[in-house]
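Position 422, counted from 1, in the first sequence is what this note's numbering calls 429; the numbers after and before it change by one each time, with no gaps.
Don't be surprised by glycine CBs; every beta carbon is placed ideally from N, CA and C.
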Amino acid sequence: MVQKPAIPKGTRDFLPGEVARRTYIFNTIRSVFKTYGFAPIETPSFELSTTLLGKYGEEGDRLIFRILNSGEKMKKADLEALQAGNLPRFANSLAEKALRYDLTVPFARFVVQHQNELSFPFKRYQIQPVWRADRPQHGRYQEFYQCDADVIGSDSLFYEVDFVQIFDQVLTKLGIPGFTIKINNRKILSGIAEVSGESERLVDITIAIDKLDKIGEEGVIRELKEKGVSDQAIAVISPLFAISGSNEERLDQMRAFLNSSETGLKGIEELEYVLNQTKELGLERAEVEFDVTLARGLNYYTGAIFEVKVHDVKMGSVCGGGRYDDLTGLFGLSGVSGVGISFGADRIYDVLNELNLYPADTDAMLTLLFANFGEKEAEYCMKLTKKLRLVGVDCEVYPVTAKMQKQFKYADNRRVKFVAIVGESELEKGTIQLKNMESGEQKELTETELHQLFIK
RNA sequence: GAGGUUGUAGCUCAGCUGGUUAGAGCGCUGGAUUGUGGUUCCAGAGGUCGCGGGUUCGAACCCCGUCUCCCUCCCCA
């Protein structure tokens with residue numbers, strides 16, 4: 008008995024119409040990246056485990072898919088480590104390779120390896136799938152596409168400004184009516200920890216205040232206490248919960264708060280620059296918001312942090328990014344600053360589906376279908392398709408002689424734009440009846456006229 | 001990794017405290033209409049009720065296990 012086939016959890020199949028809609032998203036992102044001077048690269052789906060492990064924190068390591076060693080390599084299993092109860096080490100001996108978890112760390116590896124072949128600042132974009140052994144949920148998959156653009160080898164804030172523009176342009180082009188680019192700076196977060204006298208608790212503190220809008224002020228305080236942050240430090244941090252007003256007002260309030268922290272003030276200065284330049288350049292549809300509680304982002308971020316949320320949909324952030332000063336240092340090339348962003352194509356896809364924002368002909372699968380009236384007529388149509396295909400028109404002949412009704416229905420299902428009808432009388436006259444499937448309008452054309460219609 | 005929930009036709013879902021041959025809408029196939037679709041009317045096909053085990057005279061329904069979906073936490077795109 009054959010079992011019903013299935014696919015692993017958190018993965019999806021895509022039908023032609025779905026692929027068409029996804030391609031539209033990828034192309035939109037790609038075209039904007041290109042206009043900002045980014046060039047595409049690709050890296051392998053899997054890397055050496057050592058390249059990935061330890062780069063995303065403890066939580067991240069747990070979510071990395073490992074690839075089991077095969078054949079003779081199985082013998083490398085470190086049974087001593089297993090006996091000693093050292094499971095991570097045992098796991099590493101079993102799996103020397105792992106599926107990439109994001110595109111940024113493999114990119115850092117790529118830059119270090121090819122540093123002598125690249126000119127800096129190096130700007131690349133990369134659109135490839137990544138894998139996470141996460142528990143699937145709405146908008147969370149085990150396999151999904153990231154569309155990254157990064158610049159490495161420059162600490163110019165021009166790039167932060169550019170990335171804000173890119174977020175705005177891509178999402179505006181995709182027709183998303185409203186969205187907010189949240190922006191913060193890791194240096195401001197460091198400053199907060201410094202001012203509170205708990206610098207070494209930076210990560211705990213930032214993770215806690217990040218949850219402010221979710222668990223409220225009391226929840227954050229509870230979490231800080233649980234993490235062992237002193238009451239005194241909590242008292243210093245508390246005023247942050249009340250920060251409000253315009254971006255300028257927030258900056259002023261934070262500047263006062265961080266008065267004693269050089270790092271913190273540097274963060275304010277950077278952020279202010281980016282916000283001012285963004286104002287100068289203007290934005291299409293995006294709203295930009297300085298959010299002190301924005302702390303997300305991997306622990307390798309050191310400067311700006313970005314996150315983009317679409318209005319009026321229940322969906323996590325659709326884009327993220329930030330500056331990392333020493334990611335390549337992990338692979339032996341230090342002193343190189345990078346900044347980058349990522350579009351979560353699968354979440355954007357879900358949002359566009361939910362809001363039904365695709366242009367009408369996104370999923371048209373064929374431009375022109377020749378109806379089949381019989382062997383002689385169909386063979387004549389085959390000759391017409393050959394000529395049309397040579398000039399780039401996608402077209403085909405219905406494969407068998409069937410009822411018109413059936414052939415039209417087939418054309419309809421495939422969202423064919425035009426149906427060409429060549430029956431006995433057209434064949435005699437040397438003409439083609441061309442029907443526009445959308446308007447229902449039908450015209451009799453010569454072969455030359457047909458060509459002219461499609462060549463533009 | 002922790003907790004909760006769901007699974008019945010291709011899709012969306014009904015199915016009473018366990019009781020004959022498991023239903024609807026949409027879709028599909030054929031016909032009304034032998035050169036015109038997306039509207040209408042008629043007919044038809046399609047399901048080992050997620051999978052495995054148990055209780056029972058009898059299980060879609062009750063129990064156990066397992067997988068999956070969705071949700072909360074964790075974390076993130």
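Check	Outcome
Excluding five sequence neighbours on each side, which residues of the same chain lie with their C-beta closer than 8 Å to the C-beta of valine 9?	Interpretation of valine 9 is limited by its pLDDT of 49, a score under 50 that renders its predicted location unreliable; the figure taken from the coordinates is listed afterwards. Within the same chain, valine 9 has no close Cβ partners at all.
By the three-class DSSP mapping on this structure, what secondary structure does threonine 453 have?	strand
Three Cβ pairs or more, each shorter than 8 Å: is that satisfied between the segment 29-38 and the segment 126-139?	yes
Starting from asparagine 266 and walking both ways along the beta strand (DSSP E), at which residues does that stretch end?	Run containing asparagine 266: none; DSSP gives neither H nor E here.
Helix, strand or coil for asparagine 123 per DSSP?	helix
Which same chain residues, not among the five before or five after alanine 27, have their C-beta less than 6 Å away from its C-beta?	Thr369 and Asp370
What three-state label does DSSP hand proline 136 in the structure shown?	strand
What residue range does the alpha helix (DSSP H) around leucine 59 cover?	56-59
Just the Cα atoms here: how many angstroms apart are aspartate 33 and alanine 352?	It should be noted that the sequence gives phenylalanine, not aspartate, for residue 33. If you take the alpha carbons of phenylalanine 33 and alanine 352, they lie about 7 Å apart.
Quick one: is aspartate 157 buried, meaning 16 or more other Cβ sit within 10 Å of its Cβ, or exposed?	buried
Would you call the CB atoms of leucine 434 and leucine 452 closer than 7 Å?	no
Confirm, please, whether the CB-CB distance from lysine 189 to glutamate 296 is below 7 Å.	yes
For lysine 130, count the other beta carbons within 10 Å of its own beta carbon; 16 or more makes it buried, fewer makes it exposed. Which is it?	buried
With H, G and I counted as helix, E and B as strand and the rest as coil, what does DSSP make of glycine 328?	strand
With a threshold of 7 Å on Cβ separation, who are the neighbours of threonine 285 within its own chain once the five nearest residues in sequence on each side are excluded?	Val168, Val171 and Val295
Give the secondary structure of threonine 438 by DSSP, where H, G and I count as helix, E and B as strand, and everything else as coil.	strand
For the alpha helix (DSSP H) containing alanine 98, list its first residue and its last residue.	94-101
In angstroms with no decimal places, state the Cα-to-Cα distance between proline 366 and leucine 359.	10 Å
Does the beta-carbon of isoleucine 71 have 16 or more other beta-carbons within 10 angstroms, so that it is buried, or is it exposed?	buried
Is the Cβ-Cβ distance between glycine 160 and proline 113 less than 7 Å?	no
Which residues in the same chain have their Cβ closer than 7 Å to the Cβ of isoleucine 14, if we skip the five residues on either side of it in sequence?	Asp20
I'd like the list of long-range same chain contacts for asparagine 76, defined as Cβ closer than 7 Å, with 5 residues on each side in sequence excluded.	Lys83, Leu101, Ala102 and Glu103
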